[in-house]
Amino acid sequence: MNNSEERFQCLHEFVKAAKHKLNPNVWDYLIGATETETTLARNRMAIDTVALRPRVLNDVSKVDAGADFFGHRLRLPVFLAPVGSLESFEPGGGASVAKGAGAFGVPFMLSSVSQPGLEECAKASTGPKIFQLYVRGDDAWVDAIVERAIAAGYDAFCMTVDTAHYSRRERDIAKRFVKTWRAANSGMDHQAALSWREVKRFKAKYKIPLILKGIGTGEDAAIAVDNGVDVIYCSNHGGRQLDGGRGSMDILPEIVEAVAGRAKIMVDGSFSRGSDLVKALALGADWVGLGRLYLYGLAADGADGIERLLEILEDETIKALGLTGVTSFSQLTRSHVHIGAPPVNFPHVHSAFPLIAQGY
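Heads up, the working numbering is the position in the sequence shown plus 974, with the first residue counted as 1.
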């Protein structure tokens, strides 16, 4: 048993270790959201109001929790979602995330506002990878980034579409904390001007699969698929953009209906447990993005922390699948979930880990 295995036996232990290590301003950036943080709370509420409907007397002695991803076989149907300034959580930043994801066997999605940059992170990777872009320039500027990502071997390209304006994150504002990585970030007018024109232009010019991150309605999902988008990424930016929005799991069913099998579907938003993955895939998602969760592992113990966190999540997932009565995610159907169950914990950023509040 290595050091990370000895230190971490439960997921909530990473949360405590990360808080102990991080600067208070960076910790608030990690756990915070916009204004009243209602959308953040609704992300967790939406997951908690979905209950599982287990079937029994099926042979579940062997369970495979894996999934396919653009020609790769994953150990879990998850990916590490894009996060700005990964280097503020651990010096290796995106390279450490790439190493941890590859060591375990899931993809990572690198944010264009994280260091050490797309080429260095690609070199650190041993598995599938995606590059995510915030548009900060004209068509020629975008093309240069896309071509670099293709040359570096990224498996897919993602455009974030829910950041036309930078939101009011009051944890930062109230403490007068100005993030250096945002202060140096110019060109946001290009993001605000982003439209379906740029999506059409991308699809006409490039063959690399295109993901649109930040789709929050069935209407926009349908338009995206009509324009040839390969993956619809259902996300509200972890509650960090529009306040007063819906939880991602509340949005997911209408996106699945609108897409109607014409594209793959990603979803993120407070997914923290193996049973959360079972719920999401039963409702039609193909892959689940982990955001804050893997950052706890990164802050606590770098690449090794990410790998160990994913091992625990895998163990939870295998048990959740078996106890639901299936041997793989492909056997899940909507009949395995009940929507509208009453939650038992008040939803907040760490409500998936009630033992923290009890001092464990």
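Backbone N, C-alpha and C define an ideal beta-carbon position, used for all residues, glycine too.
Helix, strand or coil at residue i according to DSSP, with G and I counted as helix
i            : result
residue 992  : helix
residue 1207 : strand
residue 1182 : coil
residue 1110 : coil
residue 1158 : Since pLDDT at residue 1158 reaches only 48, below the 50 mark, its modelled position is unreliable, and no value is offered.
residue 1046 : strand
residue 1103 : strand
residue 1025 : strand
residue 1006 : coil
residue 1127 : coil
residue 1187 : strand
residue 1176 : helix
residue 1196 : helix
residue 998  : helix
residue 1213 : helix
residue 1383 : The question about residue 1383 has no answer, for the chain in this structure spans 975 to 1334.
Exposure of residue i, with buried meaning 16 or more beta-carbon neighbours within 10 Å
i            : result
residue 989  : buried
residue 1243 : buried
residue 1152 : exposed
residue 1375 : A question about residue 1375 goes unanswered here, because the residues of the chain that appear run from 975 up to 1334.
residue 1106 : buried
residue 1279 : buried
residue 1147 : exposed
residue 1222 : buried
residue 1023 : buried
The beta strand (DSSP E) enclosing residue i, as first and last residue numbers
i            : result
residue 1132 : 1130 to 1134
residue 1311 : 1311 to 1313
residue 1241 : 1238 to 1242
Option in the options with minimal Cα separation from residue i
i            : options                : result
residue 1135 : 1169, 1240, 1123, 1040 : 1169
residue 1401 : 1206, 1316, 1123, 1281 : Because the chain in this structure spans residues 975 to 1334, residue 1401 falls outside the shown range and cannot be described.
residue 1030 : 1171, 1051, 1313, 1296 : 1296
residue 1010 : 1099, 1215, 1108, 1199 : 1215
residue 1284 : 1000, 1148, 1040, 1032 : 1040
residue 1139 : 1095, 1090, 1164, 985  : 1164
residue 1256 : 1206, 1313, 1130, 1290 : 1313
residue 1119 : 1050, 1199, 1086       : 1086
residue 1161 : 1127, 1111, 1175       : 1111
Chain B within 8 Å of residue i, Cβ atoms only
i            : result
residue 1126 : Here there is only one protein chain, and chain B is not present.
Endpoints, the alpha helix (DSSP H) within which residue i is located
i            : result
residue 1328 : 1328 to 1331
residue 1096 : 1092 to 1098
residue 978  : 977 to 981
residue 1224 : 1222 to 1233
residue 1145 : 1144 to 1148
Counting only runs that start and end within the region 1250 to 1307, where is the beta strand (DSSP E) found for 3 or more residues in a row? 1261 to 1264
Unbroken beta strand (DSSP E) runs of length 3 or more, entirely within the region 1039 to 1088: which are they? 1041 to 1043, 1046 to 1048, 1052 to 1054, 1082 to 1085
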